[in-house]
Amino acid sequence: MKATEILMEEHEVISRVLDSLEIASQEPATSPNFYLDAAEFIKGFADGCHHRKEENVLFKAMVESGLPAQGGPIGVMLYEHEQGRQLTAAMRQAAQRWKDGDEGGRFAAQQAALSYVALLRQHIAKENGVLFPMADRLIPLDQQDQVAEGFEHVEHEETGEGVHEKYLALAHSLEIQTAV
Numbered sequence: 003m004k005a006t007e008i009l010m011e012e013h014e015v016i017s018r019v020l021d022s023l024e025i026a027s028q029e030p031a032t033s034p035n036f037y038l039d040a041a042e043f044i045k046g047f048a049d050g051c052h053h054r055k056e057e058n059v060l061f062k063a064m065v066e067s068g069l070p071a072q073g074g075p076i077g078v079m080l081y082e083h084e085q086g087r088q089l090t091a092a093m094r095q096a097a098q099r100w101k102d103g104d105e106g107g108r109f110a111a112q113q114a115a116l117s118y119v120a121l122l123r124q125h126i127a128k129e130n131g132v133l134f135p136m137a138d139r140l141i142p143l144d145q146q147d148q149v150a151e152g153f154e155h156v157e158h159e160e161t162g163e164g165v166h167e168k169y170l171a172l173a174h175s176l177e178i179q180t181a182v
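In this text, residue positions in the sequence shown follow the working numbering: the first is 3, and each later residue adds one.
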């Protein structure tokens with residue numbers, strides 16, 4: 003499997019959580035714990051594993067193959083990753099305020115969640131439709147396997163054994179909570 007296919011499979015998991023966040027943000031009965039769990043998934047899986055693979059492995063391979071790190075597609079993706087981190091932190095903080103009794107946290111958590119959903123949906127579309135095909139063309143075939151091996155290293159060595167599976171289970175739990 004190509005490295006970009008691995009990332010696109012992870013995008014599918016992230017997209018299911020985005021769907022759950024959108025549904026939860028329209029349901030009055032959603033608890034603050036849902037947003038705290040979603041923020042944990044985003045921090046641990048979307049950012050801690052998936053974005054780490056992109057930033058530390060794929061983007062570096064693309065730069066080594068001639069794509070500029072600043073001002074081009076990679077710069078845009080890095081900027082959007084940072085925006086996602088800020089929105090996730092805002093969602094987590096608002097949900098914690100809400101959990102601690104501040105009802106204003108409810109609206110703030112919902113708005114941060116919906117902003118994150120909008121950001122990530124367009125981000126994923128750009129990566130799947132533009133950046134990943136560019137990577138497939140740009141990175142020489144003999145280096146494609148090294149990129150996939152780098153992903154394995156991130157998943158098993160940097161984030162820890164079993165962590166990936168833990169977040170897949172959390173994504174499933176979030177989906178079940180919002181199933182209609």
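Glycine is no exception: its CB is placed at the ideal position from the N, C-alpha and C atoms.
Asked: Residue closest to L176, alpha-carbon to alpha-carbon, out of I8, V15 and S67; Found: V15
Asked: Endpoints, alpha helix (DSSP H) assigned at S175; Found: V165 to Q179
Asked: Stretch-stretch touch, CB-based, cutoff 8 angstroms, three pairs: the region 110-128 with the region 162-182; Found: no
Asked: Simplified DSSP assignment, three categories, for E12; Found: helix
Asked: Beta-carbon gap between V132 and V59 smaller than 8 angstroms; Found: no
Asked: Status (buried if at least 16 other CB within 10 Å, exposed otherwise) for Y81; Found: exposed
Asked: For I141, the nearest candidate out of A63, F153 and G107 (CA to CA); Found: A63
Asked: Buried versus exposed call for G107 [16 or more other C-beta atoms within 10 Å across all chains shown]; Found: buried
Asked: Reduced DSSP secondary structure (H/G/I, E/B, other) of Q98; Found: helix
Asked: Residue interval of the alpha helix (DSSP H) (run including I126); Found: G106 to K128
Asked: G152 - DSSP class collapsed to helix/strand/coil; Found: helix
Asked: Coil, strand or helix - I141 by DSSP; Found: coil
Asked: Straight-line Cα distance separating H125 from S17; Found: 11 angstroms
Asked: Residue interval of the alpha helix (DSSP H) (run including F1); Found: Not covered by the structure: residue 1. The range shown for the chain is 3 to 182.
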